[in-house]
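These protein sequences, in sequence, are chains A and B. Mapping of the first sequence onto this note's numbering: position 160 corresponds to residue 160, and the numbering continues sequentially without gaps. Mapping of the second sequence onto this note's numbering: position 152 corresponds to residue 152, and the numbering continues sequentially without gaps.
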Amino acid sequence: MQVIPWRNKAPNVHPIERAVSVVTGGMLFINGIRNGGFIRMAAGAAILGRGLTGRCHMYRLLGIHTAPSDSTLPYELGVKARAAVTVGHPRHEIYEFWRQFENLPRFMRHLVSVDQTDTTHSHWVAEGPGGHTYEWDAEIINEIPDQLIGWKSLPGSQIASAGSVRFTEAPGDRGTEIRVELQYNPPAGIVGAWASRLFGREPEQEISADLKRLKQFFETGEVATTAGQSNGVTPLCVAAGRTGYNTMPSLDEVLP
Amino acid sequence: MKAACWYGSGDIRVETVPDPQILNPQDAIIKVTLTAICGSDLHIYNGFIPGMERGDILGHEFMGEVVEVGPKVQKLKKGDRVVVPFTISCGKCFFCKAGQWSLCDNTNPNAELLEKLYGSSGGALFGYSHLYGGYAGGQAEYVRVPFADVGPIVIESDLTDEQVLFLSDIFPTGYMAAENCNIKPGDTVAIWGCGPVGQFAIRSAYMLGASRVIAIDTYPDRLRMAHDMGKAETLDYASVSVLEELKDLTGGRGPDACIDAVGLEAHGGFEYAYDRAKQALMLETDRPGVLRRAIMACRKGGTVSIPGVYGGFIDKMPMGAAFAKGLTFKMGQTHMHNYLRPLLDRIESREIDPSFVISHRTTLAEASSHYAMFNSREGCTKVVMRPS
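(1) So is K215(A) in contact with chain B if we call contact Cβ pairs under 8 Å?
(2) Going along chain A, which residues have a C-beta under 7 Å from F94(B)?
(3) Taking 8 Å as the threshold (C-beta atoms), are W101(B) and M331(B) in contact?
(4) Take A124(B) and list the residues in its own chain whose beta-carbon comes closer than 6 Å to its own, dropping the five residues that flank it on each side.
(5) For the stretch 153 to 169 of chain B against the stretch 179 to 191 of chain B, are there 3 or more C-beta pairs whose distance is under 8 Å?
(6) On the DSSP letters alone, give me the boundaries of the alpha helix (DSSP H) that K215(A) sits inside.
(7) Is any beta-carbon of chain A found at less than 8 Å from that of N108(B)?
(8) Which residues in the same chain as V67(B) place their Cβ atom closer than 6 Å to its Cβ, once the five residues preceding and following it in sequence are excluded?
(9) Looking only at its chain, what residues have a beta carbon closer than 6 Å to the beta carbon of G51(A), apart from the 5 residues adjacent to it on each side?
(10) Could you list which residues in chain B have their beta carbon closer than 7 Å to that of E296(A), in chain order?
(11) Can you tell which of F86(B), F171(B) and G311(B) has the C-alpha that lies nearest to the C-alpha of L343(B)?
(12) Whether or not the stretch 139 to 151 of chain B and the stretch 72 to 81 of chain B are in contact is what I'm after, with contact meaning three or more pairs of Cβ atoms, one per stretch, closer than 8 Å; do they touch?
(13) Under 8 Å, CB to CB, which of the residues in the stretch 5 to 19 of chain B have a partner in chain A?
(14) By a C-beta neighbour count over all protein chains shown, 10 Å radius and 16 as the cutoff for buried, is N180(B) buried or exposed?
(15) Taking the straight line between their C-alpha atoms, what separation do you get for P288(B) and H267(B)?
(16) Given a cut-off of 8 Å on the beta-carbon distance, is the pair V14(B) and S368(B) in contact?
(17) Could you give the DSSP three-state label for D256(B): helix, strand or coil?
(18) Check this for me: beta carbons of R174(A) and R82(A), under 8 Å apart or not?
(19) Can you tell me whether L327(B) sits near the ligand FAD, meaning its C-beta is under 7 Å from at least one heavy atom of the ligand?
(20) Could you check whether A162(A) and W151(A) sit closer than 8 Å to each other, using their CB atoms as the reference points?
(21) Quick one, which of H92(A), T133(A) and V87(A) has its alpha-carbon nearest G172(A)'s?
(22) So, does the stretch 143 to 150 of chain A touch the stretch 46 to 62 of chain A, judging by three or more C-beta pairs under 8 Å?
(23) Measure the C-alpha to C-alpha separation of Y371(B) and N110(B) and round it to an integer number of angstroms.
(24) Using 8 Å as the limit for Cβ to Cβ distance, is Q158(A) near chain B?
(25) What are the residues in the stretch 73 to 102 of chain B lying within 7 Å of chain A by C-beta distance?
(26) So what's R99(A) in DSSP terms, helix, strand or just coil?
Here it is as structure tokens:
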């Protein structure tokens, strides 16, 4: 996971909020000077600075962006994750499988469903930390058949995100290299991303695990699992209700 | 069914657990007829293997009868008598196709955990922690075997279970350790550790053309087995200076190849207390005493072959000696699938009877006490268990 650097420091505070910050920050600062209150002076200066520059560090950490912007996900917001895998299978077939977004929840553990509403629009439902579900609508903004799919989420989405998946031929006849790059603004921003990292759900690891399942499926026809296996702490009564095969279809069912 | 389950360091109990099920279409269920405790199980027993969970079913050396196959299993049939290799391989990925079966890309469902630790993950193993996939092991009455057409080898001859069981791990592991030594006629091979893998490495080194094999250990029964069964010259590290003796025995050259069949829990040597203390303080995970001595003993341009298991970080590695002498290192989990057929042929042709390493025969119900006995190493080289 990479926190995206705030390079050109574009404003993230709305103009009206900035005006309010200038007024209240200025008043607090002057009040501090008059009464010799250093804390008030410092706080006043910080709020005044926020108003004058339009840049708020707290907002940034929390993933809040109130300044007007024509993009869904201002490129300086949120976190970035990327992962890659090499799959010993022809590029075209993997691309076709991926392009049917309904297939993605089969190997992406946190996706609940994807519905394609038309050729470039789709509705996504994912399960996040603590069992919450998050929904968003996505639009394909760039597509080169067999090579690239780029998308971004649409306004009104619960998670603003943008990403791309690229398919290239691996050298030496080793199949297809798949690279996923994802930029998203997690719930509670960078603070939220750090928190989820503490609890062991690093986005890069998740994407990498998802890609490995895709690889397993294409190379072996099944996804490795031990889910439903018994051990010395499984109650015997659980045995009867255990499910059989996992949810992946066979290769011949999904390939054109 | 009954299974030997791990509940913590030194705590292994035989419990009744639900029978395994077919979970994937290429799975088979095996009814175990004979299983064994491996030296590497003792690393789990002693709590040196991370990623274990309470209740995990142990065991990666087992054989039995196929009782159920998944819908995509084509070769294996109900009723087949099979030995199952301890590494799980898909047979389709880049590594399997290259014959590096234990590095399989596709069998470890927890690959991302091992990736975080090691940079990338090899294939899964039976009963060897969740880092290696968390597959239930074979010290049980039944076991689920994934990729059933890839791993298990069918035994059609009338050989006994005891004669073929060790194809599951220690015979191929000892054999690959010797093969990794790149033995040329006239070569001398020194082998640290006369446990079961060491015993098979001794036999294999001779099979591959070594002129002399020198075996190093301190337990009298193991040294005797190396001498009597393996025809090795033996050194007791507790009573002689191994490095000086090896130098002398090889006319000042040093052994052409050295095998570390001990791994991360080495004993002996002046630095043992140092490593044990650092290990206790978690400043070092593995005690590499044998590896250090193998590097120091090996002749210039020689090979150090490491079938012994290492799991983490080592300290005071004599890299300068390794570099100055231009040593070659070969290591890793055994690429089991390469060896099953050729080694079964050697057993069928009566060139070797692997059952010579067995010192104790018991039932699965006695697993707990036999883990403790094997761990003490006193008079115990190999335990085999019948599930009932």
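Just so you know, even glycine gets a beta-carbon here, dropped at the ideal spot from N, CA and C. Computed from a predicted structure; not experimentally measured.
The short version:
(1) As a working note, residue 215(A) is residue 215 in the first sequence. At least one CB of chain B lies nearer than 8 Å to the CB of K215(A).
(2) The count along the second sequence starts at 1 and reaches residue 94(B) at position 94. In chain order: G88 and R174.
(3) Against the second sequence, residue 331(B) aligns to sequence position 331. Against the second sequence, residue 101(B) aligns to sequence position 101. Not a contact, by the Cβ cut-off of 8 Å.
(4) As a first step, residue 124(B) must be located in the second sequence, where it is residue number 124. The residues are I88, T107, N108, Y132, G133 and Y135.
(5) Fewer than three beta-carbon pairs drawn from the stretch 153 to 169 of chain B and the stretch 179 to 191 of chain B are found closer than 8 Å, and the two stretches are therefore not classed as touching.
(6) Mapped onto the first sequence, residue 215(A) falls at position 215. Per DSSP, the continuous alpha helix (DSSP H) segment holding K215(A) begins and ends at P203 to T220.
(7) Residue mapping note: residue 108(B) aligns to position 108 of the second sequence, counting from 1. So, interface residue.
(8) As a first step, residue 67(B) is located in the second sequence; it is residue number 67 there, counting from the start. Hits under 6 Å: I29 and K31.
(9) The count along the first sequence starts at 1 and reaches residue 51(A) at position 51. Excluding positions up to five away in sequence, the list reads R18, S21, V22 and G25.
(10) Beyond the ends of chain A as shown, which are 1 and 256, falls residue 296(A); an answer cannot be given.
(11) Reading the second sequence from its first residue, position 343 is the one you call residue 343(B). The shortest C-alpha to C-alpha distance from L343(B) to any of F86(B), F171(B) and G311(B) is the one to F171(B).
(12) The stretch 72 to 81 of chain B and the stretch 139 to 151 of chain B touch, with no fewer than 3 CB-CB distances between them shorter than 8 Å.
(13) Taking 8 Å as the Cβ-Cβ cut-off against chain A, the residues of the stretch 5 to 19 of chain B that qualify are C5, W6, Y7, R13, E15, T16, V17, P18 and D19.
(14) For this step, residue 180(B) is matched to residue 180 along the second sequence. For N180(B), the number of other beta carbons within 10 angstroms of its own is at least 16, and it is reported as buried.
(15) Locating residue 288(B) in the second sequence gives position 288, counting from the first residue. Locating residue 267(B) in the second sequence gives position 267, counting from the first residue. Each residue's alpha carbon lies about 9 Å from the other.
(16) Residue mapping note: residue 14(B) aligns to position 14 of the second sequence, counting from 1. Residue mapping note: residue 368(B) aligns to position 368 of the second sequence, counting from 1. Yes, these two residues count as a Cβ contact at 8 Å.
(17) As a position in the second sequence, residue 256(B) is number 256, starting the count at 1. The DSSP-derived three-state label of D256(B) is coil.
(18) On the first sequence, residue 174(A) is found 174 positions in, with the first residue counted as 1. On the first sequence, residue 82(A) is found 82 positions in, with the first residue counted as 1. Pairing R174(A) with R82(A) gives a Cβ-Cβ distance that is not under 8 Å.
(19) Of the ligands one can find in the structure shown there are none, so the ligand FAD has no counterpart to examine.
(20) For the purposes of this step, residue 151(A) is taken as residue 151 along the first sequence, with counting starting at 1. For the purposes of this step, residue 162(A) is taken as residue 162 along the first sequence, with counting starting at 1. Yes; because the gap between Cβ atoms is below 8 Å, this pair is in contact.
(21) Position 172 of the first sequence holds residue 172(A). Comparing Cα-Cα distances from G172(A) to each of H92(A), T133(A) and V87(A), the minimum goes to V87(A).
(22) No, they do not touch.
(23) If you number the second sequence from 1, residue 371(B) lands on position 371. If you number the second sequence from 1, residue 110(B) lands on position 110. The straight-line gap from Cα to Cα measures roughly 27 Å.
(24) For the purposes of this step, residue 158(A) is taken as the residue at position 158 of the first sequence. No - not a single Cβ of chain B is within 8 Å of the one on Q158(A).
(25) For the stretch 73 to 102 of chain B, which is checked against every Cβ of chain A, the residues closer than 7 Å are C90, K92, C93 and F94.
(26) For the purposes of this step, residue 99(A) is identified with residue 99 of the first sequence, where counting begins at 1. In the structure shown, R99(A) adopts helical secondary structure according to DSSP, grouped into three states.
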